[in-house]
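> Offset between the sequence shown (1-based) and the numbering used here: plus 11. Okay, here's the structure, questions in a sec.
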Amino acid sequence: MIELHDIHKSYGSLEVIKGVSATVSKGEVVCLIGPSGSGKSTILRCINGLETYQAGNILIEGRKVDAAHKSISDIRTNVSMVFQRFNLFPHRTVLENVIEGPIFVKREPKKQAIERGRGLLERVGLSAKKNAYPAQLSGGQQQRVAIARALARQPKAILFDEPTSALDPELVGEVLAVMRRLADEQMTMIVVTHEMGFARDVADRVLFLDRGTIVEQGPAKDVLGNPQHPRTQDFLKRVIEHV
């Protein structure tokens, strides 16, 4: 469904993505792990057309991702993104945040958008908060609203950019629980994460990146349970010791 072929991305003289190639099949969950600055988030932003790339090709269902082309809006409809920060509209209620995209971007009838929006809030466990404002919610609740908002576009895949990194530790579990349910429902997902337990239990494959390249990749149980590359071994040891 998603293909990356020899992607290169630079900011001036600084090359942050150095020839990355990968594929993600329909219904697959792929986790990107690695140290800060390894290019994980930049890869997601290139896939969603939020960043341009200088060389290579990114294809979504056979269509090239080109941030400058008018088709990018269609691609962003099919591939939603959930960010570290929730980016909710503070002056709109929870339900209004969820239905904003379908109504104003997809021109969906308001009644239909509201009906599905209520269903999505129930799906993420927030039916009782539909009339609340973001400031009245915890960080975990706001991130679950952001996931509902991403689902409201009825995407074929969702990109998660460290969705729990801005949360207090006790709120992380509620967001990961929603993501686990999405995985069980065969939602195609690419997840940048430092949650190794989630990656081990949910991911079909794990890609370990360092300095803009994929150092090691494979089934989650292999990469996380028996890493072969010394750099992967060192990273996982440090992460586990930190936890």
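Heads up, the beta-carbon is just placed ideally off N, CA and C, and yes, glycines get one too.
Would you call Thr53 buried or exposed, if buried means 16 or more other Cβ atoms sit within 10 Å of its Cβ?
Position 42 of the sequence shown, counting from 1, holds the residue named residue 53. Buried: at least 16 other Cβ atoms inside 10 Å.
> Output the distance between the C-alpha atoms of Leu132 and Phe97, rounded to the nearest integer angstrom.
To locate residue 132, count along the sequence shown from 1; it is residue 121. To locate residue 97, count along the sequence shown from 1; it is residue 86. Those two C-alpha atoms are separated by around 15 Å.
> Buried or exposed: where does Ser36 fall if 16 or more other Cβ atoms within 10 Å of its Cβ makes it buried?
For the purposes of this step, residue 36 is taken as the residue at position 25 of the sequence shown. So Ser36 counts as exposed.
> According to DSSP, simplified to helix, strand and coil, what is Met92?
Here residue 92 corresponds to residue number 81 of the sequence shown, with the count starting at 1. Note: Met92 maps to strand in three-state DSSP.
> Does the beta-carbon of Val90 have 16 or more other beta-carbons within 10 angstroms, so that it is buried, or is it exposed?
Sequence index remark: in the sequence shown, residue 90 carries index 79 (1-based). Val90 should be labelled buried.
> What does the alpha-carbon distance come out to for the pair Val109 and Val202?
Start at 1 with the first residue of the sequence shown, and residue 109 comes out as number 98. Start at 1 with the first residue of the sequence shown, and residue 202 comes out as number 191. Each residue's alpha carbon lies about 21 Å from the other.
> I'd like the span of the beta strand (DSSP E) that includes Leu218, first residue to last.
Here residue 218 corresponds to residue number 207 of the sequence shown, with the count starting at 1. Run containing Leu218: Arg216 to Asp221, per the beta strand (DSSP E) assignment.
> Nearest-angstrom Cα distance between Val76 and Asn59?
Taking the sequence shown and counting its residues from 1, the one referred to as residue 76 is at position 65. Taking the sequence shown and counting its residues from 1, the one referred to as residue 59 is at position 48. When rounded, the distance between both Cα atoms is 8 Å.
> Give me the Cα-Cα distance between Leu220 and Ile13, rounded to the nearest whole angstrom.
Along the sequence shown, one-based indexing puts residue 220 at 209. Along the sequence shown, one-based indexing puts residue 13 at 2. Taking the straight line from one Cα to the other gives about 18 Å.
> How should Lys117 be labelled, buried or exposed, when 16 other C-beta atoms within 10 angstroms of its C-beta is the threshold for buried?
Locating residue 117 in the sequence shown gives position 106, counting from the first residue. When all chains shown are included, Lys117 counts as exposed.
> Identify, in the order they occur along the chain, each residue of the same chain with its Cβ nearer than 8 Å to the Cβ of Pro101, setting aside the five sequence neighbours on each side.
The residue you call residue 101 lines up with position 90 of the sequence shown. Result list for Pro101: Tyr144, Pro145 and Ala146, in chain order.
> By Cβ distance below 7 Å, which residues in the same chain neighbour Gly184 in space, the five residues on each side in sequence not counted?
The count along the sequence shown starts at 1 and reaches residue 184 at position 173. The answer is none, since no qualifying residue turns up.
> Would the beta-carbon of Arg211 fall within 8 Å of that of Leu235?
Against the sequence shown, residue 211 aligns to sequence position 200. Against the sequence shown, residue 235 aligns to sequence position 224. Yes; because the gap between Cβ atoms is below 8 Å, this pair is in contact.
> Using 10 angstroms around the beta-carbon of Asp172, count the other beta-carbons present and answer buried if the total reaches 16, otherwise exposed.
Here residue 172 refers to the residue found at position 161 when the sequence shown is read from its first residue. Result: buried.
> Where does the unbroken alpha helix (DSSP H) through Asp195 begin, and where does it stop?
For this step, residue 195 is matched to residue 184 along the sequence shown. Asp195 -> alpha helix (DSSP H) spans Pro180 to Asp195.
> What residues in its chain sit with their C-beta under 7 Å from that of Lys121, if we drop five residues either side in the sequence?
Taking the sequence shown and counting its residues from 1, the one referred to as residue 121 is at position 110. So the list reads Ile114, once near-sequence residues are dropped.
> Pull up the distance between the alpha-carbon of Val254 and that of Ala214, whole angstroms please.
The count along the sequence shown starts at 1 and reaches residue 254 at position 243. The count along the sequence shown starts at 1 and reaches residue 214 at position 203. Interpretation of Val254 is limited by its pLDDT of 45, a score under 50 that renders its predicted location unreliable; the figure taken from the coordinates is listed afterwards. About 20 Å.
> How many whole angstroms separate the CB atoms of Leu247 and Pro238, which I take to be in contact at a CB cut-off of 8 Å?
Working through the sequence shown from its first residue, we reach residue 247 at position 236. Working through the sequence shown from its first residue, we reach residue 238 at position 227. Right, their Cβ atoms sit about 6 Å apart.
> The beta strand (DSSP E) with Leu15 in it runs from where to where?
Residue numbering aside, residue 15 sits at position 4 when the sequence shown is read from its first letter. Leu15 -> beta strand (DSSP E) spans Ile13 to Tyr22.
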